[in-house]
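Position in the sequence shown (from 1) plus 623 gives the number in this note's numbering.
Using N, Cα and C, we set each Cβ at its ideal position, and we do this for glycine too.
Note that this is a predicted model, so its numbers are computed, not measured.
To keep things clear, I will list the structure first and then write my remarks on it.
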Amino acid sequence: MNHHMAELLASILIVGIALQWIGWRLKIPALILLIAAGFIMGPVTGWLNPSEDFGELLQPMIALSVAVILFEGGLSLRWHELKQNSRVIYRLITWSVLLTFAFGSLSVHYLIGVSWPVSLIFGAIIIVTGPTVIMPLLKQANLKKGPSSLLRWEGIVNDPIGALLVVLIYGYYVRTENETLALGVFIGLAISLVVSLVLSVSLGLFIARSFRKGLVPEYLKSPLILVAVLLVYTLANKVQSEAGLLATTILGITLANQNLKTLHELKRFKEYVTILLVSSTFIVLTADIDPEIIKYLQWQSWLVLALVIFIFRPLAVYLSTIGTDISKQERALLAWIAPRGIVAASVAGLFGSELSKIGYADAELLLPMVFALIIMTVLLHGLTIGWLARKLNLASIHPDGIMIVGAADWSTRLAVELQKNDIPVMLIDTQWAQLESARMQNIPIHYGEVLSERTEEVLELAHFTKLVAVTPNEAYNTLICSLFAPELGKRNVYELRWSNVDKLSDESVNKPSEAIGGDRLFIDGVDDEYFKKTYAEGWTFKSTPLTEEYTLDDYLNSNPESTKLICLITKAGFVNFYPWDQNIEPEDIAILMSYVPPQTDTKKINSGER
């Protein structure tokens, strides 16, 4: 590999991750930034030319990246979601697919006048609503479980179906026209499904069994699965072209439902790999676009694209979900959200050129139309999914939601105070009696083990951004925080301080590691025993609004020495527990919450511990 190639690869990865971070900070879809970066690095500056730089390796690189991305998507699909929404999901991956295929094919043929082979392949490509786009959008929007699982299942399953349809239609027109197209496509789909099921399910069960038997060491599990994805993709493609995408998806679903103890670590590893692949692949594909191809698009082409987004998708969803128990709000969201991604782009790029080579000149329209559709849907759906979901009451309107694990008397009172300030809160405990007070005060509760996989199935965890573990068992609190830290973020999981932990030296074998668990709450000595003792004496939680007349300095200068700071709520609605981030500006604080002794003047609440 020459130095230029090394520089290209490093630059693509660096720019991709940098834009992912910028998207996270600005709360906008990173895919929009990645597409812009691809245009700048490619057509605008000419610094990156993937077709020339990577040559024949470009298509295999993209294909293998898509295979890994679809596998990671399959890992997120659980059978319990399918059972809860089986009828709707079935309709979305059958009737909605057929309707979208028919609408797209007919509109291109009759409105633009392209040949039937090109029309049918365009109709198959627009079926694809890939996980490369939909998964980041779902994270951004914090959707409820119902619509989130529907969009995930549709996007991940429809990706390989659309790609397979393209391959089979192309193969039919290249090889023979002596049989009916429908029969050829049906036979090809049947072969692909059987091959993918046999290969993926058998390999997935074999891997799961070998993991349970201890036949694979921990350090080899993630690499072994990555190799298994590439193996099943290659073998399936040997039997039926593009069956590999379906095979990798099925392999992911198989492993996701084996209840493997190491599944969380495996999913985390695959998520890291997928972020790198999505970032780099979007940049490469966009950089490979020739700006001249946009000239092929006449007003009829733009009309078809508008129909696909604004008419065909809503119509397909509404017709296919008639008679199901899906709500009007969920149906409206599904009708709008259908972004296209990497699979659509790669398939259009490959088969557009192949059709042109065998004499279909109008196939040159495929690539510009599909890329225009990708950009339009990523922009439109990426910028509106959060707003629309909140308008339809399918996502939380609050920036922060708090899960409190451990329903003591004092933590129940803390939950009440947070709820008074319009902060979504849920109290979780394994003892029903401990939750009685919360139920009487209309605090949302969950009776059960927070470490159970069942908890993920029944709770709307997407609405909660922070977790506070306050059970009497200090080690259990640390375990809970360690489990939720990868999902919520290390700085968004909190636990009570271990008793007398700050008095221990760093060399003490009794001092818990800072590398595990969550951020330690409050100050030294403020632990579970402290709260139980003081709450029984009449201490309580109080909220103090800050204004221009009563500022943070006034608050700090007028408090009783014994009062303890608990958290602050910003004007934007974010909650920060004490000790909080020192970067918070005093003028951004709306409310300070404190733990105060009996008969304290709530207008003079402060912390002498500061």
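Skipping 5 residues on each side, what residues in its chain have a beta carbon closer than 7 Å to that of Val720? Ile750, Asn781 and Ile784
Q. To which residues of the same chain is Leu715 closer than 6 Å at the C-beta, ignoring the five residues directly before and after it?
A. So the qualifying residues of the chain are Glu777.
8 Å Cβ shell around Leu926 - same chain, five flanking residues per side excluded = Leu734
Per-residue burial, Phe933 [other beta carbons within 10 Å of its own, 16 or more giving buried]
exposed
Proximal residues to Leu1041 (C-beta, below 7 Å), its chain only, five neighbours per side dropped
Ile1025 and Val1048
- Message: Assuming contact is defined by CB atoms lying nearer than 8 Å, are Val1187 and Ala1213 in contact in what I supplied?
- Response: In the sequence under discussion, the amino acid at residue 1187 is Lys, which differs from the Val named in the question. Taking 8 Å as the Cβ cut-off, Lys1187 and Ala1213 do not qualify as a contacting pair.
**Request:** May I ask you to verify whether the stretch 1049-1063 touches the stretch 1105-1119, counting CB pairs closer than 8 Å and requiring at least 3?
**Result:** no
Could you tell me the distance, in whole angstroms, from the CA atom of Leu632 to the CA atom of Lys1155? 57 Å
Is it true that the stretch 667-674 meets the stretch 810-829, where meeting means three or more beta-carbon pairs spaced less than 8 Å apart? no
- [ ] With DSSP as the reference, please indicate the residues paired to Ser771 in a beta bridge.
- [x] DSSP output for Ser771 lists no bridge partner at all.
- prompt: Would you call Leu942 buried or exposed, if buried means 16 or more other Cβ atoms sit within 10 Å of its Cβ?
  reply: exposed
What residue from Gly964, Asp1177 and Gln1054 has the CA that sits closest to Ala786's CA? Gly964
Quiz item: So, are the CB atoms of Ala910 and Leu671 less than 8 Å apart?
Solution: yes
For this session: Return the chain-ordered list of same chain residues with a C-beta closer than 8 Å to the C-beta of Ala967, the five sequence neighbours on each side being excluded.
Result: Ile748, Ile749, Val751, Gly753, Gly785, Val993, Leu996 and Ile997
- Under the DSSP definition of a beta bridge, which residues are partnered with Pro1168? Ile1214
Nearest-angstrom Cα distance between Glu894 and Pro683?
21 Å
Considering only C-alpha positions, which residue in the set Ser1019, Gly794 and Thr1167 is nearest to Gln1242?
In this structure the chain extends from 624 to 1233, so residue 1242 is not present and cannot be described.
| So, using beta-carbon positions, are Leu908 and Pro991 closer together than 8 Å? | The Cβ-Cβ distance between Leu908 and Pro991 does not fall below 8 Å.
For Glu1118, name the three-state secondary structure that DSSP assigns. Three-state result, Glu1118: strand.
Checklist line | Cβ distance (whole Å) where Ser1019 is taken to contact Ile640 below 8 Å | finding: The Cβ separation is near 28 Å, so there is no contact.
- Query: In whole angstroms, what separates the C-alpha of Gln1057 from that of Asp1032?
  - Reply: Between the alpha carbons of Gln1057 and Asp1032 lies a gap of roughly 8 Å.
Going straight from the alpha carbon of Ala725 to that of His732, what length do you get? If you take the alpha carbons of Ala725 and His732, they lie about 11 Å apart.
Review point. What did DSSP end up calling Leu1144 once you bin it into helix, strand or coil?
Key: coil
For the stretch 686-713, list the beta strand (DSSP E) runs that are entirely contained and at least 3 residues long, ordered along the chain. none
- Query: In its own chain, which residues sit with a C-beta less than 6 Å from the C-beta of Leu788, not counting the 5 before and 5 after it?
  - Reply: Cβ within range, chain order: Ala747.
inquiry  = Is it the case that the stretch 881-892 contacts the stretch 828-846, given that we only count it when at least three CB pairs across the two stretches are under 8 Å?
reply    = Yes, they touch.
Are the beta-carbon atoms belonging to Ile779 and Gly661 less than 8 Å from one another?
Taking 8 Å as the Cβ cut-off, Ile779 and Gly661 do not qualify as a contacting pair.
Three-way DSSP call (helix, strand, coil) for Val566 in this model: No answer is possible for residue 566: the residues shown for the chain start at 624 and end at 1233.
task = Compute the Euclidean distance between the alpha carbons of Glu1208 and Leu1175, then round it to the nearest angstrom.
result = 10 Å
So, Ile692 versus Thr897, is the Cβ gap smaller than 8 Å? yes
- Query: Name the DSSP bridge partner or partners of Met1026?
  - Reply: Met1049 and Leu1090
_Let me make sure I understand the geometry here. Which of Asn880, Pro846, Leu816 and Gly1005 has the alpha-carbon closest to that of Ala831?_
Asn880
| task | Mind reading off the beta-carbon distance from Ile1051 to Ile1027? Whole number of angstroms is fine, and I expect it under 8 Å. | result | With a Cβ gap of about 7 Å, Ile1051 and Ile1027 count as contacting.
Q. Near Asp1224, what residues of its chain come up, given a Cβ to Cβ distance below 7 Å and the 5 sequence neighbours on each side ignored?
A. Only weak support is given to the placement of Asp1224: the predicted model assigns it a pLDDT of 46, under 50, and the value that follows is read from those uncertain coordinates. Correct list: empty, nothing qualifies.
> Thinking C-alpha only, which one of Phe745, Gly678 and Phe1145 is nearest Ala971?
Replying inline: When only C-alpha atoms are compared, the closest one is Phe745.
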